[in-house]
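One structure is given here, and the rest of the page talks about it.
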Amino acid sequence: MESSALQHIEQICGRLQDSSAALEDAHFDAALEAASAERATALLSPYLPSRARSIAEFLQIVPLRWSFFILRGAHGCKVNCRLIHTLVRTFDSEEDVLLDIGCGDGRVALACRTATGCGTVGVDVSPLCIAAAVQAEEQLLEKGAEGKCVWILGDVLDPKEHEREEIKSATVCYLYVYPTLLARLEDVIRRMLVDEEFKLKKVVTVEYHFENFACTEEVGFLRVYEASGALGATASLA
Ligand SMILES: C[S@@+](CC[C@H](N)C(=O)[O-])C[C@H]1O[C@@H](n2cnc3c(N)ncnc32)[C@H](O)[C@@H]1O
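Below is the structure:
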């Protein structure tokens, strides 16, 4: 990761610091309560923001195609970069779409989108979080950022949400959620990795990891999972 990319991510995270402290307070008790309730399917992980370094490491181990960032650096001309990006998109249907499950205030999606130009989908069950993400995005757009993320207010455990085209088109998934939600997500993620209806190829967990999947790579606090390890093998690096 180039140091300017890390600085860029740190700027986005820094700007969100005050509002995210309020989100943390509002979510923690509600999440604990929901997790202990029988058959609870709502707020199953408290809100805590990812650190800038985790987002930078994520971008290093899962390079998202196509990169606005690299094109900008190489050509130094925004208009040409947009043109190149449009052409590249036209000829290559393999552009990555990042899905951030439990997106919180949207910092991961926003940082990845502005750093690489990838498509981004953020889903969160908390209206406060989605409102914060929309607001953060508006501020970035005012400052000249390009492209919009898709924000979905919904429970990721609700099968109706999995039928959305935006979710089906995701190729890479970022998962920083507590074990209370992660354990219930195993079946959902397994299906997304192996069912041809979904385009998902890689899932990255941060700090908390799947108990029943073998990961294909481990870097710092991050683990990468692919279809090969999602078929029920016990996590070899757990
Ligand atoms: C640890 S925070 C991660 C926030 C963000 N991804 C980041 O890395 O900065 C976990 C998020 O999961 C969300 N969440 C909890 N239960 C959920 C559910 N059932 N469906 C969707 N999101 C959920 C919470 O509202 C919270 O924002």
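So for the sequence shown, full-length UniProt numbering puts the first residue at 1; every next one is plus one.
Note that beta-carbon positions come from the ideal geometry of N, C-alpha and C, so glycine has one too.
Bear in mind that the values here come from a model prediction, so they are computed numbers and not experimental data.
Problem set entry | Residue span of the beta strand (DSSP E) that contains Thr120, given as start and end | Position 120 of the sequence shown holds residue 120. Note, Thr120: beta strand (DSSP E), 119–124.
For this session: Report all residues from its chain with a CB closer than 6 Å to the CB of Val156; omit the five preceding and five following residues, and keep chain order.
Result: Residue numbering aside, residue 156 sits at position 156 when the sequence shown is read from its first letter. Apart from the 5 residues on each side of it in sequence, Val156 sits with its Cβ closer than 6 Å to the Cβ of Ile101, Val123 in its chain, given in chain order.
For this session: Out of Phe221, Cys112, Leu182, Glu137, point me to the one whose CA is closest to Val172's CA.
Result: The count along the sequence shown starts at 1 and reaches residue 172 at position 172. Nearest C-alpha to Val172: Cys112.
Exercise. Should Asp100 be counted as a contact of ligand 1 given a C-beta to heavy atom distance under 7 Å?
Worked result: The count along the sequence shown starts at 1 and reaches residue 100 at position 100. The answer is yes for Asp100.
Problem set entry | DSSP three-state assignment for Glu218, whether helix, strand or coil | The residue given as residue 218 occupies position 218 in the sequence shown. Glu218 falls in the strand class under three-state DSSP.
Exercise. Taking just the CA atoms, how far does Glu163 sit from Glu197?
Worked result: Within the sequence shown, residue 197 is the residue found at index 197, counting from 1. Within the sequence shown, residue 163 is the residue found at index 163, counting from 1. Between Glu197 and Glu163, the C-alpha separation is close to 9 Å.
Problem set entry | Span of the beta strand (DSSP E), counted from its first residue to its last, around Lys202 | For this step, residue 202 is matched to residue 202 along the sequence shown. For Lys202, the enclosing beta strand (DSSP E) stretches over residues 202–206.
Exercise. What's the call for Gly14, buried or exposed, on a 16-neighbour Cβ count within 10 Å?
Worked result: Position 14 of the sequence shown, counting from 1, holds the residue named residue 14. Burial state of Gly14 is exposed, judged by a 10 Å Cβ sphere holding fewer than 16 other Cβ atoms.
Exercise. From Ile12, Lys201, Leu222, Ser19, pick the residue whose C-alpha is nearest to that of Phe210; which is it?
Worked result: Translated into positions along the sequence shown, residue 210 becomes position 210. It is Leu222 whose Cα lies nearest to the Cα of Phe210.
For this session: Output the distance between the C-alpha atoms of Val62 and Leu193, rounded to the nearest integer angstrom.
Result: Position 62 of the sequence shown holds residue 62. Position 193 of the sequence shown holds residue 193. Leu193 has its alpha-carbon roughly 16 Å from the corresponding atom of Val62.
Exercise. How far does the alpha helix (DSSP H) with Asp187 in it reach, from first residue to last?
Worked result: The sequence position of residue 187 within the sequence shown is 187, counting from 1. The continuous alpha helix (DSSP H) containing Asp187 extends over residues 179–194.
For this session: Could you tell me which residues DSSP puts in a beta bridge with Arg223?
Result: To locate residue 223, count along the sequence shown from 1; it is residue 223. As a beta-bridge residue in DSSP terms, Arg223 pairs with Thr205, Glu218.
Exercise. So is the beta-carbon of Ser19 under 7 Å away from any non-hydrogen atom of ligand 1?
Worked result: Looking up residue 19 in the sequence shown gives position 19. No, the Cβ of Ser19 stays beyond 7 Å of every heavy atom of ligand 1.
Exercise. Val134 by DSSP, collapsed to three states: which one?
Worked result: One-based indexing of the sequence shown puts residue 134 at position 134. Val134: helix per DSSP, three-state reduction.
For this session: Taking only the alpha-carbon atoms, compute the straight-line gap between Asp18 and Leu64 and give it to the nearest angstrom.
Result: In the sequence shown, counting from the first residue as 1, residue 18 sits at position 18. In the sequence shown, counting from the first residue as 1, residue 64 sits at position 64. So the alpha carbons of these two residues sit roughly 29 Å apart.
Problem set entry | Cutoff 8 Å; reference Asp202; Cβ partners in own chain excluding five residues on either side | Within the sequence shown, residue 202 is the residue found at index 202, counting from 1. Sequence check: residue 202 is Lys here, not Asp. Closer than 8 Å at Cβ, skipping near neighbours: Val62, Thr171, Val172, Cys173, Val224, Tyr225, Glu226.
Problem set entry | Beta-carbon spacing of Gly119, Val97 below 8 Å | If you number the sequence shown from 1, residue 119 lands on position 119. If you number the sequence shown from 1, residue 97 lands on position 97. A contact, by the Cβ cut-off of 8 Å.
For this session: With Val97 as the anchor, note down where its alpha helix (DSSP H) starts and where it stops.
Result: Within the sequence shown, numbered from 1, the residue matching residue 97 stands at position 97. If you look at Val97, you'll find it isn't in any alpha helix (DSSP H); it sits in the beta strand (DSSP E) that goes 97–101.
Exercise. Which stretch, first to last residue, makes up the beta strand (DSSP E) that contains Leu153?
Worked result: Position 153 of the sequence shown holds residue 153. That run of the beta strand (DSSP E) goes 150–153.
Problem set entry | DSSP state of Leu141 mapped onto helix, strand, coil | Translated into the one-based positions of the sequence shown, residue 141 becomes position 141. Leu141: helix per DSSP, three-state reduction.
For this session: Could you name the residues of the same chain whose beta carbon sits closer than 7 Å to that of Leu200, not counting the 5 residues immediately before and after it, in chain order?
Result: Reading the sequence shown from its first residue, position 200 is the one you call residue 200. The beta carbon of Leu200 sits closer than 7 Å to the beta carbons of Ala170, Thr171, Cys173, Met192, Leu193 from its chain, once the five residues preceding and following it are set aside; these are given in chain order.
Problem set entry | Limits of the unbroken alpha helix (DSSP H) element including Leu110 | Sequence index remark: in the sequence shown, residue 110 carries index 110 (1-based). Looking at the DSSP string, the run of the alpha helix (DSSP H) that includes Leu110 is 107–116.
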